[in-house]
Amino acid sequence: MMRFFDNTKIDFVGKRKFSFILSIVVILAGVISLIINGGPNYGIDFTGGLSLELDLTPVSETTERLTVADIRDALEENEIYGTEIQALRGVDQRNLFLINTQEAEGIGDKILDTIRMSFPEHIDPEYFMRRMDEVGPRIGEELRGKAILAIFWALLGIVIYIWWRFEFSFGIAAVIALFHDILITVGIFSLMGKEVSLAVVAALLMIVGYSLNDTIVIFDRIREDLKLHRKDSYSNVINFSINETLSRTVITSMTTFVVVLSLYIFGGTVINDFAFALLIGVIVGTYSSIFVASPLLVEHFQKRQKKLGTKSKRK
Amino acid sequence: MKKHKIRGIIILVVLLVTLYYFLPLIVPNLPGFWTEKRLNLGLDLQGGTQLQLEVDFSEVQLSESEREEAVRSALEIIRNRIDQFGVAEPSIQRSGSNRITVQLPGLDDPERAKDLIGRTAMLEFKLVASSENIEETYNALNEYLKDNHERYDFLDEFTEEIDEDEMIDILADEEEMEDFSVNDRIFTALTTAEGRTGLVEYRHLDKFRRLLEDEEFQKQIPAGLQILLGKENREDPYAAREVYVLRDRAELTGQYLDSAAVRIGEGYDPRTSGKPYVALNFSREGARIFANVTGQNIQRRLAIVLDDVVYVAPTIQDRIPGGEAQITGEFTMQETQDLVIVLRAGNLPAPVNIMEERTVGPTLGSDSIRAGIMAALIGMCIVVLFMLIYYKLSGLIANIALLVNICFIIAVLTMLEGTLTMPGIAGMILTIGMAVDANVIIFERIRENLKVGKTVRTAVDGGFSRALVTILDANITTLITAIVLYQFGTGPIRGFAVTLSIGIIGSMFAALILGKAIFDTFITNIRRERLSI
């Protein structure tokens with residue numbers, strides 16, 4: 001039979017100092033970027049504002065294609081400042097633009113009118129409006145509060161479930177690993193200057209779900225192995241469990257990664273950031289189950305063992 | 001064996017239900033009852049506008065119950081306006097204490113919608129035209145349409161109204177053919193439903209509205225009169241609608257109305273006792289006008305019109321002095337309450353603000369669907385191929401489970417009459433990747449068991465029973481996140497949470513129950529010493 005990782009005996013736990021340092025460095029990089037930028041780069045879902053996606057493909061073939069600069073000039077001529085204009089990679093060679101602004105309400109109509117007046121040659125009235133989101137500042141504020149609450153409740157629910165099914169320490173280790181995943185993903189978004197939209201928050205929660213799924217499978221094996229090998233040291237048992245489940249960890253991560261990659265490449269503009277967050281999440285989530293959550297358990301058990309002294313039968 | 005029988009029944013039921021709801025998607029022209037429930041496309045896929053409105057109380061001092069009233073009035077006004085807009089299947093829902101969410105599928109001109117919603121409500125009392133006037137109107141319109149039917153080609157089906165009985169008559173009497181070629185009662189035909197004139201069938205509503213909007217047609221309505229539609233029946237939106245011919249001058253407007261309330265009839269008269277009615281109170285000026293109007297028009301009907309839609313047209317029984325009127329009739333409590341809301345809508349105490357507006361044009365929607373299907377197919381192909389290569393025949397079982405799971409998600413969404421959104425499609429794609437996880441966990445366990453020299457039978461049984469605990473723990477925690485996501489999310493994100501949850505449940509069923517059953521049949525029927533895994 002075909003097998004990856006048959007009978008591996010990799011010492012994951014022994015090298016935990018390295019993995020901890022690596023995690024801390026990556027997290028610090030993200031956190032520093034977050035501090036410098038004054039928090040995540042929230043999208044208009046959370047700040048309020050306008051996001052407009054327009055199809056400005058020339059109607060006739062002889063007309064020249066528009067550039068971002070053309071649009072900025074037209075808007076500034078009409079005293080609309082502070083917009084962020086981006087050309088999107090279009091489907092079927094279409095010329096798509098994304099216009100974002102956090103300016104005052106009602107600016108959407110003004111921008112649309114300006115574009116209609118300035119580029120009649122580039123507007124097919126039936127198709128030119130692809131998407132328009134206008135979010136009032138109060139809704140944005142509410143959503144931000146809700147997003148943070150959602151992540152809090154998800155984590156709490158998980159700790160309680162794991163506490164009930166395993167042990168409190170397992171729950172804490174899992175949640176630390178989840179924080180690790182969220183921090184790294186948000187950090188990478190900040191480093192890359194990407195916006196955190198509502199969809200990205202949904203992706204974060206999804207990462208929590210995925211990473212946890214992964215962690216639980218390993219924890220489950222650790223729980224089983226701890227009962228089977230009562231004399232062996234904690235680090236040996238946990239190492240053994242990670243190696244035993246390594247094959248499944250890698251296969252599931254791979255299949256999930258492949259579909260998310262497919263979503264990222266083929267899924268279209270709407271879902272792009274969401275898929276990108278998931279891509280990071282699948283990698284980080286898999287990493288954290290092996291290199292963060294499980295070694296944390298070893299740390300915890302060893303500390304407890306020291307406290308208990310020689311009463312424990314384990315080496 | 002008995003356990004297996006129960007399992008067999010469960011599998012059969014789940015598969016049949018899945019098939020039942022999935023089939024309409026791939027087989028066209030199934031009988032009507034079969035396609036009654038369908039999967040709706042979210043606004044982000046079919047295009048449309050979603051507005052989040054808020055009744056703004058920051059400027060006015062209102063009690064709790066007054067606020068409640070204000071929100072309900074606003075809802076009613078908006079419903080009424082949207083109805084006139086002629087959007088197919090709009091959704092107007094209250095969300096939270098003072099928020100209203102309006103969804104207008106297929107509408108990519110949000111300016112028009114905003115315009116309509118932002119207007120102040122207009123409540124008017126108008127007299128229904130006398131029966132002579134109504135007849136005169138119908139005759140004039142029938143005459144006009146007969147002569148100008150080329151102008152209104154959308155009315156073709158009424159222009160030549162020949163049913164089978166008449167066909168025979170025509171053949172028998174060929175001389176009458178010419179007279180028959182143009183129907184001389186087109187307008188009457190359009191406004192006849194259920195055997196009664198003055199009703200428009202639901203399927204003709206659009207044509208009727210188009211006709212009314214035509215300026216030339218408008219000119220044909222006799223001076224001083226107007227034609228308006230009655231309100232939509234909340235219980236049966238597809239029911240025929242009343243057509244009213246009214247005097248176009250408003251006798252009174254909402255500004256003369258001080259209050260309106262629901263009352264229950266007292267006394268011994270069986271016609272009114274215990275039945276709800278609406279009590280009106282006019283201002284002093286209003287009372288004077290109202291007394292005049294009622295005094296001069298006894299036994300005529302007075303229509304209550306909100307934003308050009310007729311709500312009711314009660315008959316004036318007597319001259320009503322003093323400004324206190326009652327609208328009685330065979331109303332249900334709900335109808336009475338609705339009417340009061342309408343009457344109060346004339347002077348809405350708090351403004352309605354647009355908090356959030358999301359519009360998706362038709363091209364983006366269809367792009368998203370195409371992209372979603374593409375991403376799903378490619379992702380699925382890779383996963384299916386991988387499982388086949390890595391686990392061979394067992395991989396095939398996992399792939400069957402995967403396919404069943406995807407059909408299961410779509411079927412359950414259809415059954416719940418859910419809405420498929422772009423994040424929902426993403427959820428389904430993610431499920432494809434994660435659903436094989438349950439199988440991977442099981443197969444890896446079985447492999448381990450085989451390696452230590454267990455027989456196929458015990459290896460499979462042991463693998464399943466040990467994996468069960470792991471799979472349950474792992475999936476329940478994911479379910480917790482999905483539920484939180486649902487609680488926190490709005491529209492599209494909820495769609496994602498729902499598909500994900502169904503996918504998790506489906507994958508557990510497919511891997512643990514269906515997969516095990518297939519394995520069991522494999523092993524029980526043929527004594528196997530080796531397993532393709």
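Taken in order, these protein sequences are the chains called A and B.
For the first sequence, the working numbering gives the first residue as 1, with consecutive numbering after it.
For the second sequence, the working numbering gives the first residue as 1, with consecutive numbering after it.
Cβ atoms here follow ideal geometry from the backbone N, Cα and C, with glycine treated the same way.
With distances taken between CB atoms, is the gap from residue i to residue j smaller than 8 angstroms?
| i | j | result |
| --- | --- | --- |
| Val-196/A | Val-186/A | yes |
| Phe-4/A | Val-250/A | yes |
| Ile-410/B | Leu-25/B | yes |
| Ser-368/B | Leu-39/B | no |
| Ile-518/B | Ile-406/B | no |
| Ile-80/A | Ile-107/A | yes |
| Leu-50/A | Ile-44/A | yes |
| Leu-229/B | Val-310/B | yes |
| Ala-426/B | Phe-274/A | yes |
For residue i, which of the options has the nearest alpha-carbon?
| i | options | result |
| --- | --- | --- |
| Gly-96/B | Ala-154/A, Glu-142/A, Phe-240/A | Glu-142/A |
| Glu-77/A | Leu-88/A, Ile-115/A, Asn-213/A | Ile-115/A |
| Phe-179/A | Ser-190/A, Arg-165/A, Leu-191/A, Leu-212/A | Leu-212/A |
| Val-17/B | Gly-506/B, Ala-511/B, Gly-515/B, Arg-530/B | Gly-506/B |
| Leu-570/B | Met-333/B, Thr-419/B, Ile-378/B, Phe-125/B | Because chain B here runs from 1 to 533, residue 570/B falls outside it and cannot be looked at. |
| Arg-221/A | Asp-473/B, Leu-306/B, Thr-521/B | Asp-473/B |
| Gln-299/B | Ile-320/B, Thr-188/B, Arg-72/B, Gly-48/B | Ile-320/B |
| Ile-221/B | Asn-233/B, Arg-196/B, Glu-242/B, Asp-248/B | Asp-248/B |
| Pro-314/B | Glu-76/B, Phe-331/B, Gly-323/B | Phe-331/B |
| Thr-8/A | Gly-171/A, Val-259/A, Ile-242/A | Ile-242/A |
| Leu-15/B | Leu-514/B, Gln-93/B, Tyr-138/B, Thr-470/B | Leu-514/B |
| Ile-123/A | Phe-97/A, Gly-267/A, Leu-308/A, Asp-225/A | Phe-97/A |
Can you pull the chain A residues whose beta carbon is under 9 angstroms from the beta carbon of residue i, in chain order?
| i | result |
| --- | --- |
| Ser-368/B | Gly-267, Gly-268, Thr-269, Val-270, Ile-271 |
| Gln-52/B | Val-135, Gly-136, Ile-139 |
| Phe-386/B | Ile-251, Met-254, Thr-255, Val-258 |
Run through DSSP, which three-state label would residue i get?
| i | result |
| --- | --- |
| Met-167/B | For Met-167/B, the predicted model reports a pLDDT of 49, less than 50, meaning its position is unreliable; a value from the coordinates is still stated below. Met-167/B falls in the helix class under three-state DSSP. |
| Leu-420/B | strand |
| Arg-65/A | coil |
| Lys-37/B | coil |
| Asn-475/B | helix |
| Glu-242/B | strand |
| Ile-227/B | strand |
| Ser-33/A | helix |
| Leu-107/B | coil |
| Tyr-42/A | strand |
| Tyr-277/B | strand |
| Val-196/A | strand |
| Glu-357/B | strand |
| Val-135/A | strand |
So, at 7 angstroms on beta carbons, what are the nonlocal neighbours of residue i in its own chain, with the 5 sequence-adjacent residues on each side left out?
| i | result |
| --- | --- |
| Phe-208/B | Leu-190, Val-200 |
| Asn-297/B | Leu-127, Ile-316 |
| Val-175/A | Leu-155, Ile-158, Val-159 |
| Trp-34/B | Pro-24 |
| Lys-392/B | Ser-532, Ile-533 |
So, for residue i: in the same chain, excluding its five sequence neighbours on each side, which residues have a beta-carbon less than 6 angstroms away from its beta-carbon?
| i | result |
| --- | --- |
| Ala-173/A | Ala-293, Leu-296, Leu-297 |
| Thr-431/B | Gly-503 |
| Ile-182/A | Leu-204 |
| Val-87/B | Leu-104, Leu-107 |
| Ile-134/B | Val-245 |
| Leu-30/B | Pro-24 |
| Leu-22/A | none |
How would you list, in chain order, the residues of chain B whose beta-carbon sits under 8 angstroms from the beta-carbon of residue i?
| i | result |
| --- | --- |
| Phe-274/A | Pro-423, Ala-426 |
| Asn-213/A | Met-434, Asp-437, Ala-474, Asn-475, Thr-477, Thr-478 |
| Lys-146/A | Phe-488 |
Given residue i, which residues of its chain have a CB within under 8 angstroms of its CB, disregarding the five upstream and five downstream residues?
| i | result |
| --- | --- |
| Pro-237/B | Tyr-202 |
| Glu-175/B | Note that Glu-175/B scores 46 on pLDDT, short of 50, meaning its location in the model is unreliable; the coordinates nonetheless yield the value given after this. Within the same chain, Glu-175/B has no close Cβ partners at all. |
Does residue i have its Cβ less than 8 angstroms from a Cβ in chain E?
| i | result |
| --- | --- |
| Gly-157/A | Here chain E cannot be found, since the structure's protein chains are A and B. |
What does residue i reach in chain B if we use C-beta pairs closer than 7 angstroms?
| i | result |
| --- | --- |
| Trp-153/A | Val-484 |
| Val-259/A | Gly-379, Val-383, Ile-429, Leu-430, Ile-432, Gly-433 |
| Asp-109/A | Glu-111 |
Looking at the ligand PLP, does it come within less than 7 angstroms of residue i, judged from the CB to the closest heavy atom?
| i | result |
| --- | --- |
| Val-469/B | Ligands are entirely absent from the displayed structure, and the ligand PLP is therefore not among its contents. |
Please list, in chain order, the chain A residues whose beta carbon lies closer than 8 angstroms to that of residue i.
| i | result |
| --- | --- |
| Thr-294/B | Under the 8 angstroms cutoff, chain A gives no residues; its nearest Cβ is about 46 angstroms from Thr-294/B. |
| Thr-470/B | Ile-216, Val-217, Asp-220, Arg-221 |
Whose Cβ in chain A lies nearer than 7 angstroms to the Cβ of residue i?
| i | result |
| --- | --- |
| Phe-496/B | Ala-202 |
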